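Residue numbers (my numbering): 193 to 420. Here a beta-carbon is modelled for each residue, glycine too, at the ideal position from N, C-alpha and C. What you are looking at is a predicted structure, and each value in this text was computed from that prediction instead of being measured. Below you'll find the structure, written out as C-alpha cells, and then a few comments.
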Ligand code: CTP
Ligand code: MG
C-alpha cells in the first residue's frame, strides 16, 4: 500500500498574499486541488494525507471530501515547520502502508511519470527523490559576499518532490531528527542523517514549487499548453 503525504500547512510568505498560497488560484482552481487531481490520476498511489494549518483543517476536509475526481483524503493539522508537518502526517499513515511519498502541495505540475520513477526506485533501494540537474553554475558564497568555491556543476541536482521512502525508514529518520534536533529542508536529508543512501531519479523541469507570483505565471502557461 502506498500513501502520499501532502504538506500544505505553510504560510506562503514569499507569495506575498494575505492567505496560504496553496489556496491561490492557478487558472481555474486552487493550487492544492491541481496537486491532488494530478496525484489522483496516478493509479499507483492508494491513500492521501493532507497536512493543513490547524485553523484550515475543517474547511479543507469539507471541500476535499465533496470534490469529484480526488481520492478520499484524511486531513490532519500541521506544525510550525515543514518537517513537523510531515511528521504529523506520518503519525496518521495506515498500518498497511509500506511506502510513503511526501509531495509539496505547492507543486501542482507533477506528472504520473515522475511519481512512477520515484516509486520504482523506492521499491529497489528504499529511498528515492525526484530531481533535475542544475542548469546554472552554482557558487558557494562567504559572509562578505565573496565566492568561496564553485562546485562541479555535473554533480549538482535540484531536489524536487515527490520524495519516497519505505515507511519504517522515514519514521526512523524523523524520530532520530527529533532526538538530535536535526533540521533538514527536505525529507531526504533526514534519511541521509541516519546514514541510509538516497537515490535520485529523473524529475521534471516543469515540476516547480510555486513560491512567488512569477511561478504562477509560468504554471499557468504550462497548463495552457497541456492538451486536456
Ligand atoms: N509547509 C507545511 N508546513 C509548514 C511549512 C510549509 O506543510 N510549517 C508546506 C507548504 O504548505 C508547501 C511545502 O511545505 O506546500 C513547501 O514549503 P514552502 O514552499 O516553503 O511553502 P511555505 O512555507 O508556505 O512558503 P514560504 O516559505 O514562502 O512562507
Ligand atoms: Mg517555507
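Are the CB atoms of residue 312 and residue 393 nearer to each other than 9 Å?
yes
Whose C-beta lies closer than 8 Å to the C-beta of residue 284 among residues of the same chain, with five residues either side of it excluded?
241, 266 and 268
Can you tell me whether DSSP reads residue 218 as helix, strand or coil?
strand
Check whether the Cβ of residue 250 lies closer than 8 Å to any heavy atom of ligand 1, and answer yes or no.
Outside the cutoff, so no.
Starting from residue 341, follow the beta strand (DSSP E) in both directions and report where the run begins and ends.
339-341
Between the segment 379-388 and the segment 403-414, do at least 3 Cβ pairs fall closer than 8 Å?
no
How big is the Cα-Cα spacing for residue 420 and residue 373?
Its pLDDT being 48, under 50, residue 420 is placed unreliably by the model, and the measurement read from it follows with that caveat. Approximately 46 Å, taken between the alpha carbons.
Where are the alpha helix (DSSP H) runs, 4 residues long or more, that stay fully inside the segment 333-367, in chain order?
Listed in chain order, there is nothing to give.
Closer than 8 Å by C-beta to residue 329: which residues in its own chain qualify, once you throw out the five before and the five after it? Chain order, please.
A distance below 8 Å between beta-carbons, with the five flanking residues on each side excluded, links residue 329 to the following residues of its chain, in chain order: 342 and 345.
So, are the CB atoms of residue 226 and residue 279 less than 9 Å apart?
no
Go ahead and label residue 319 buried or exposed: buried means 16 or more other beta carbons lie within 10 angstroms of its beta carbon, across all protein chains shown.
buried
Quick check on residue 231: does DSSP put it in helix, strand or coil?
helix
Confirm the yes/no value for this check: CB of residue 196, any heavy atom of ligand 1, distance under 8 Å.
no
Which residues in the same chain have their Cβ closer than 6 Å to the Cβ of residue 412, if we skip the five residues on either side of it in sequence?
219
What does the alpha-carbon distance come out to for the pair residue 201 and residue 248?
8 Å
Report the residue from 327, 358 and 308 whose alpha carbon sits nearest the alpha carbon of residue 397.
For residue 397, the nearest C-alpha among the options comes from 327.
Spatial neighbours of residue 232 within its chain, please: CB distance less than 7 Å, with the 5 preceding and 5 following residues excluded, ordered by chain position.
So the list reads 261, 262 and 263, once near-sequence residues are dropped.
Measure the beta-carbon distance from residue 198 to residue 297 and round it to whole angstroms, keeping in mind my assumption that it falls under 8 Å.
5 Å
Would the beta-carbon of residue 322 fall within 9 Å of that of residue 275?
Contact flag unset, no.
Answer with buried or exposed for residue 317, where buried requires no fewer than 16 other C-beta atoms within 10 angstroms of its C-beta.
exposed
Within the present structure, is the beta-carbon of residue 210 separated from the nearest heavy atom of ligand 1 by less than 8 Å?
no
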